[in-house]
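Novice: Be aware that the sequence shown starts at 9, since it is given in the numbering used here, and climbs by one per residue.
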Amino acid sequence: MPYTTGAIYNPSTVPTAAGQILVVCINDSANLTANIELEVFQWGVADGPRTPLGHNLIALPPQAVQSFTYPLNAAVYYEVQMDYFSATSAVVNVFGLDAVGGVVQRVLQWEMSQIDRLTNLP
9 MPYTTGAIYN PSTVPTAAGQ ILVVCINDSA NLTANIELEV FQWGVADGPR TPLGHNLIAL
69 PPQAVQSFTY PLNAAVYYEV QMDYFSATSA VVNVFGLDAV GGVVQRVLQW EMSQIDRLTN
129 LP
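#1: Considering only the alpha carbon of each residue, which of PRO130, LEU65, VAL102 and VAL111 lies closest to ALA15?
#2: For TRP118, count neighbouring Cβ atoms within 10 angstroms of its own Cβ and tell me buried if that reaches 16, exposed if not.
#3: Is it true that the CB of GLY52 sits closer than 9 Å to the CB of ALA26?
#4: If ASN43 sits next to ALA72, beta carbons under 8 Å apart, how far is it from one beta carbon to the other, in whole angstroms?
#5: Need the endpoints of the beta strand (DSSP E) that ARG114 sits in, please.
#6: With a 10 Å radius around its C-beta and 16 neighbouring C-beta atoms as the bar for buried, classify GLY109 as buried or exposed.
#7: Taking the straight line between their C-alpha atoms, what separation do you get for VAL48 and ASP91?
#8: With a 10 Å radius around its C-beta and 16 neighbouring C-beta atoms as the bar for buried, classify GLY56 as buried or exposed.
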């Protein structure tokens, strides 16, 4: 089942605005590979269209961790969608990072919302 963080508000007028997104994927399975799909979006204006920032398909070996960083460009909102296949022990967490790499926002997998499908990319 796919999940989404939903639109995460990222006000650029405050010093704690996220300048990049860190997505950390963990495969806690002892013997199964996790196939994970990530889609990352941002909105430049509150009522504008969302722009794709990244799309990754990964095969994460058992007991492995892999992270991805996506730069934000004056994003008012951002969103991460994810789905995983072949393993039920996969965990994906999302962190908004400030200019010096400090965590200013976070969404753990259990806080994400289930969705019917990932967004179709053009």
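Glycine included, every Cβ here is placed at the ideal spot set by N, Cα and C.
Specialist: According to the data block:
#1: Counting from 1 along the sequence shown, the entry for residue 15 is found at position 7. Nearest option by C-alpha distance: VAL102.
#2: As a working note, residue 118 is residue 110 in the sequence shown. With fewer than 16 other Cβ atoms within 10 Å, it is exposed.
#3: Sequence index remark: in the sequence shown, residue 26 carries index 18 (1-based). Sequence index remark: in the sequence shown, residue 52 carries index 44 (1-based). No, the Cβ-Cβ distance between ALA26 and GLY52 is not below 9 Å.
#4: Residue mapping note: residue 43 aligns to position 35 of the sequence shown, counting from 1. Residue mapping note: residue 72 aligns to position 64 of the sequence shown, counting from 1. Between the beta-carbon of ASN43 and that of ALA72 there is about 12 Å, and that puts the pair past the 8 Å contact cut.
#5: Walking along the sequence shown from the start, residue 114 turns up at place 106. 111-115 is the extent of the beta strand (DSSP E) around ARG114.
#6: Within the sequence shown, numbered from 1, the residue matching residue 109 stands at position 101. Note on GLY109: under 16 other CB atoms within 10 angstroms of its CB, so exposed under the neighbour-count rule.
#7: The residue given as residue 48 occupies position 40 in the sequence shown. The residue given as residue 91 occupies position 83 in the sequence shown. If you draw a straight line from the Cα of VAL48 to the Cα of ASP91, it is about 12 Å long.
#8: Residue numbering aside, residue 56 sits at position 48 when the sequence shown is read from its first letter. GLY56 comes out exposed.
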